[in-house]
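Beneath this line is the structure, given in structure tokens, with notes to follow.
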Amino acid sequence: MSQSLVPEIASAHSPGDVDASTEARPRDLRTVKADPNYWYPVAWSRELKRGKTIGTRYAGHPIALVRPMDGTVFALEDRCAHRQVPLSKGQVEGEAVKCCYHGWAYGRSGRCIDVPYLGKGKLPNGVKTYPCREVEGLIFIFPGDPDLAESVPLPSLSRAADPGYKTRRFGERVKCHYSFMHENLMDMNHQFMHSKQMGKMKPRFLGGRDEPRLVEARYSFARTGGKQPWGEALVFGERRGTNAKDQHRDVMTIRTTYPYQTLSIATGDEPPVMDLFIVYVPQDEEQLTCRVFGMLSIKRPKLKGALELAWPLFVGFTNRIFAEDREIVELEQQAWNAQGGDRNQEVFPVINTLRDLLRRCGIQADASDA
Amino acid sequence: MSQSLVPEIASAHSPGDVDASTEARPRDLRTVKADPNYWYPVAWSRELKRGKTIGTRYAGHPIALVRPMDGTVFALEDRCAHRQVPLSKGQVEGEAVKCCYHGWAYGRSGRCIDVPYLGKGKLPNGVKTYPCREVEGLIFIFPGDPDLAESVPLPSLSRAADPGYKTRRFGERVKCHYSFMHENLMDMNHQFMHSKQMGKMKPRFLGGRDEPRLVEARYSFARTGGKQPWGEALVFGERRGTNAKDQHRDVMTIRTTYPYQTLSIATGDEPPVMDLFIVYVPQDEEQLTCRVFGMLSIKRPKLKGALELAWPLFVGFTNRIFAEDREIVELEQQAWNAQGGDRNQEVFPVINTLRDLLRRCGIQADASDA
Amino acid sequence: MSQSLVPEIASAHSPGDVDASTEARPRDLRTVKADPNYWYPVAWSRELKRGKTIGTRYAGHPIALVRPMDGTVFALEDRCAHRQVPLSKGQVEGEAVKCCYHGWAYGRSGRCIDVPYLGKGKLPNGVKTYPCREVEGLIFIFPGDPDLAESVPLPSLSRAADPGYKTRRFGERVKCHYSFMHENLMDMNHQFMHSKQMGKMKPRFLGGRDEPRLVEARYSFARTGGKQPWGEALVFGERRGTNAKDQHRDVMTIRTTYPYQTLSIATGDEPPVMDLFIVYVPQDEEQLTCRVFGMLSIKRPKLKGALELAWPLFVGFTNRIFAEDREIVELEQQAWNAQGGDRNQEVFPVINTLRDLLRRCGIQADASDA
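Residue numbers (the UniProt record's numbering), protein chains in the order written: chain A, 1 to 370; chain E, 1 to 370; chain V, 1 to 370.
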């Protein structure tokens with residue numbers, strides 16, 4: 001990847017370009033499905049009480065999560081084998097969930113273990129299951145080939161378990177393809193959009209990395225106007241001004257390690273002052289909506305309690321920024337819908353590199369739709 | 001039909017089955033249209049005041065019901081021949097309805113009898129009419145071939161006219177194919193779903209009947225837990241407990257007499273304590289929504305006034321049960337939509353018999369869509 | 001065009017007619033697109049403050065209107081060339097608008113004049129512009145071939161600039177094809193619909209004109225019942241009763257001068273007491289919704305201040321009439337949608353002439369869809 005500070009316009013994909021052959025034209029990124037052979041979070045632990053079941057979904061597949069009174073969470077296809085109604089409307093009894101309609105019961109393995117009005121020897125087939133893990137307040141499933149689940153590691157949730165950090169868990173549904181989210185975070189030139197929240201910041205692209213499953217971009221910033229917001233001072237544990245010594249002092253590193261994304265801010269060789277893990281889980285079959293699961297860890301300052309006191313302010317600050325991001329990516333998706341395809345004219349090389357990664361790592365099965 | 005208490009699993013239609021030939025595979029029941037050559041209710045009498053017109057519909061066909069100041073109700077296609085706007089927005093004058101837009105007038109025969117700005121000799125064609133009857137508070141139309149209307153009897157509304165019974169008229173729109181409603185009521189194993197309202201009841205299938213236009217199922221019940229609800233005690237005129245003498249004492253008979261459905265509860269040879277007439281009228285052209293017209297008759301107890309006093313409680317009780325039924329059948333329809341077809345794995349023979357009836361009696365015109 | 005008071009039924013287009021050949025059948029008017037080579041209003045001047053930008057649309061095309069602090073309004077395609085998000089969400093700086101997302105800037109010519117993180121020599125292509133004019137409180141664009149804009153005149157806004165008149169600017173979105181609006185206003189037999197607001201009025205068709213780009217209809221009226229409404233008395237500056245001298249005294253002239261429409265009421269050779277300019281601008285690509293821009297001018301009476309005093313009453317009166325019109329044309333559109341085409345059975349020759357005009361002057365590009 002180019003390490004130059006001024007990206008090469010030559011690498012931009014212009015919508016007016018006519019490729020020599022149809023085969024050479026890259027597939028529209030917004031039609032690329034996420035690779036299901038990874039662990040994806042589908043719920044926060046706090047959403048699922050003991051002895052209860054809730055419904056969630058991955059890319060159009062309804063999933064019932066079940067937490068028995070004793071034992072670990074498990075995940076079933078959220079359709080009773082009988083009449084296809086959601087098992088997540090049912091009752092948990094022991095390690096089984098009973099469908100609310102006629103009481104068919106399913107165990108952890110998905111096998112139907114009881115139909116109240118049928119002999120035990122005659123039980124019908126059960127339902128599909130998903131490998132399921134719970135870690136640091138997140139419930140993950142493996143939507144792809146179950147045989148691969150063991151060999152695919154869970155993502156590192158960075159500082160979520162580190163007592164030196166305080167972590168905010170956040171997220172909501174966003175009406176866009178997950179790729180818009182990756183591009184939004186990776187391109188720090190969009191700081192322009194947050195100038196009302198952040199003041200005027202001039203980003204400097206420091207370089208990046210381009211690996212088979214990873215794209216990285218590093219930036220530093222200079223404040224060119226406006227006051228540093230409270231939220232940012234909180235992150236750094238001290239104020240940053242517009243004086244020369246504070247300019248380009250901290251390095252922000254953004255990484256898409258497929259299919260996850262991280263962002264950290266560090267000064268010199270010190271541990272990061274902020275560390276974000278975030279993932280955008282496709283909701284509908286077309287994957288044009290996603291649910292965000294984000295874990296934002298802030299290094300605790302020396303002054304005990306300061307972070308707790310300021311936390312509500314910090315939550316409001318990050319919420320306002322995320323609301324701006326959400327509005328713009330949903331407008332991008334709406335434009336894609338209205339235009340019937342991707343007309344983006346990207347001029348920033350790192351974003352084109354990221355797009356290639358998402359295209360390469362995703363699923364392009366029905367290429368005939370391209 | 002099997003009279004055994006344990007239904008044969010062998011007769012279940014498993015979604016994994018591969019038929020030897022395409023022709024042998026039964027058509028997806030949810031794509032079968034109701035036979036229009038029956039009388040269908042389209043409104044309650046109380047909805048249509050004298051000298052007024054209202055709009056209703058049958059399977060996508062808009063229908064204007066007109067009640068002149070004098071004379072019986074009649075039914076017209078609810079589109080002015082001129083500009084297709086609803087005649088039900090118009091004014092009733094004598095035995096005619098005038099379109100609200102330019103004042104075109106139509107009589108009981110559907111003929112256009114006046115265009116205010118045209119000579120009488122030049123009147124354009126009129127609109128379609130439907131045979132129409134009003135009985136026991138229900139307005140019926142015959143949506144099929146009008147020449148058949150005379151020879152097809154109105155359904156018996158059982159106890160609605162019997163002073164020994166008090167009748168509740170109820171119903172609402174439900175977003176599902178009418179067949180889900182028939183199956184819901186016929187399969188009493190779904191008592192499981194109402195255990196919050198009804199306590200725990202174990203149904204026993206006593207047998208049934210299978211005729212060209214009729215399917216019947218008979219059940220008795222044993223209370224295995226919970227207290228008898230007020231609403232049920234009201235129906236029986238006395239309390240039923242969990243003691244042996246009360247178990248399996250009453251017989252519930254559910255019948256689909258195409259296209260109608262009835263449910264009655266009787267003890268021994270006495271007249272039924274409860275009698276329900278219900279019908280599910282397709283609303284949209286695809287027939288994936290329906291409007292319910294139900295008449296629920298309760299035998300008046302010896303103690304005069306007790307039923308009137310308890311009526312509000314009874315209405316609340318039945319409303320809660322119906323709300324549970326509505327939620328589940330709408331979830332079934334949603335699953336059908338999402339899965340693009342019927343994946344039900346029915347194991348209860350009487351329900352498969354009912355499904356065959358609904359398939360056989362309905363309209364399968366465009367079989368190519370199957 | 002026939003000048004007879006009784007229109008010829010023979011000229012009605014009956015939906016039952018079978019044309020000798022497919023080519024002879026007129027295209028469904030509701031699929032005819034408006035000709036873009038005219039000036040169309042897209043916003044009221046008061047909606048766009050100095051130094052601001054707003055988004056509007058013409059037939060599915062999003063348009064950003066920009067009013068610099070100094071200088072005239074200009075119109076750009078409302079999609080940033082970079083990521084297609086609306087420029088109307090951006091900031092106006094001098095004579096340029098900066099996209100809210102990454103700060104790309106565009107001038108009046110649509111050229112991209114700055115990308116904050118790119119060298120000036122490498123700027124990407126800009127966005128499309130539209131010829132734009134502002135007159136009498138309306139902002140017009142020319143959505144068709146820009147080279148034709150100079151030679152196509154703006155419409156006359158009749159009395160909007162005349163101090164002898166007071167003008168109401170009004171309009172809203174209506175969910176129908178623009179042709180329903182033209183037909184509604186041109187056919188005064190629909191006075192029937194407004195009889196609650198207007199009393200009973202019998203229209204007399206006095207004749208009309210049929211020219212390549214113009215259709216006109218003239219009417220007089222006799223009051224056959226009800227009292228003259230306040231609003232109408234206000235228009236005439238005096239009361240009209242049901243006595244003979246007041247009948248058929250005033251002439252109403254309605255004209256579609258493609259693509260605009262006007263309505264004026266005058267007594268003898270005096271200047272009109274009322275003058276309406278109105279246009280129905282397609283909103284969506286299918287042109288099945290429109291936005292109304294209406295300018296309704298009332299001649300000021302000799303008694304100064306009377307019109308101002310009565311104005312709120314007049315606004316309420318016209319709003320009620322317009323609400324009735326809107327409901328009925330939206331019902332026409334709904335019928336067209338449900339029936340999958342135009343089943344109108346028009347018997348009034350002037351309306352058929354108008355339909356021919358709208359078909360002839362509109363765009364029938366994709367005739368294969370007819």
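Backbone N, C-alpha and C fix where the C-beta goes; we use that ideal spot for every residue, glycine too.
Taken through DSSP and simplified to helix, strand or coil, C132(A) comes out as strand. Taking a cut-off of 8 Å on C-beta distances, the segment 24–33 of chain A touches the segment 166–180 of chain A, as three or more cross pairs fall below it.
Against chain A, the beta carbon of N37(E) has no neighbour under 7 Å; the closest one sits roughly 30 Å away. Taking 9 Å as the cut-off, the Cβ atoms of I278(A) and L288(A) do not count as close.
Ranking G199(E), N243(E) and L48(E) by CA distance to the CA of E232(E) puts G199(E) first. The closest CA to that of S220(V), considering only R50(V), G268(V) and L118(V), is found on G268(V). Under the rule that a run must span 3 or more residues, the beta strand (DSSP E) segments found entirely inside the segment 175–228 of chain E read 200–211 and 214–225. Secondary structure note for Q333(V): its alpha helix (DSSP H) is the uninterrupted segment A306 to Q339. R79(A) sits buried, since 16 or more C-beta atoms from the chains shown fall within 10 Å of its C-beta. Taking C-beta separations shorter than 7 Å and ignoring five residues to either side along the sequence, the partners of D145(V) in its chain run N37, following chain order. By the Cβ-count criterion, L303(A) is exposed, with fewer than 16 other Cβ atoms from all chains shown falling within 10 Å of its own Cβ.
Close to R218(V), with beta-carbon spacing below 9 Å, lies no residue of chain A; the smallest spacing is near 44 Å. Here P153(E) is exposed, its C-beta having fewer than 16 other C-beta atoms within 10 Å. A Cβ-Cβ distance of about 6 Å is found for the pair V281(V) and Y58(V), placing them in contact under the 8 Å criterion. Residues of chain V with a Cβ closer than 7 Å to the Cβ of R343(A) are, in chain order, Q84. Nearest in C-alpha terms to E327(E), of all of P163(E), G90(E) and V174(E), is V174(E). Rounded to whole angstroms, A222(A) and K49(V) show a C-alpha spacing of 33 Å. For F236(E), the enclosing alpha helix (DSSP H) begins and ends at W230 to F236.
The DSSP-derived three-state label of T242(E) is coil. Counting C-beta atoms within 10 angstroms of its own C-beta, A75(V) has 16 or more neighbours from the protein chains shown and is therefore classed as buried. Per DSSP, C100(E) lies in no alpha helix (DSSP H) and is assigned neither H nor E. With respect to the C-alpha of N352(V), the residue from G164(V), V215(V), V97(V) and S156(V) having the closest C-alpha is V215(V). Between the C-alpha atoms of H194(A) and D275(A) there is a straight-line separation of about 19 Å. In the DSSP assignment, V66(V) falls within the unbroken beta strand (DSSP E) covering H61 to R67.
By the rule that beta-carbons nearer than 9 Å mark a contact, V347(V) touches chain E. For V115(A), the residues of chain E that pass the 7 Å Cβ criterion are V347, in the order they occur in the chain.
By alpha-carbon distance to E172(A), the top candidate from A43(A), Y258(A) and L309(A) is A43(A). Of the candidates I363(A), W311(A), Q228(A) and Q339(A), W311(A) places its Cα closest to the Cα of T167(A). Counting only Cβ-Cβ distances below 8 Å, H102(V) has contacts in chain A at D187, N189, H190, F192 and M193, in chain order. Using a Cβ-Cβ cut-off of 8 Å, A59(V) is close to nothing in chain A; its nearest Cβ partner there is about 12 Å away.
Against chain V, the beta carbon of R79(E) has neighbours under 7 Å at A335, listed in chain order. Put simply, of A96(E), F293(E), G119(E) and G121(E) the residue whose alpha carbon is nearest the alpha carbon of S109(E) is A96(E). Taking a Cβ-Cβ threshold of 8 Å, none of the residues of chain A is close to L296(E); the smallest such distance is about 22 Å. In the three-state reduction of the DSSP assignment, D145(V) falls in the coil class. It is roughly 8 Å from the alpha-carbon of Q247(A) to the alpha-carbon of R240(A).
By the rule that beta-carbons nearer than 9 Å mark a contact, P62(E) touches chain V.
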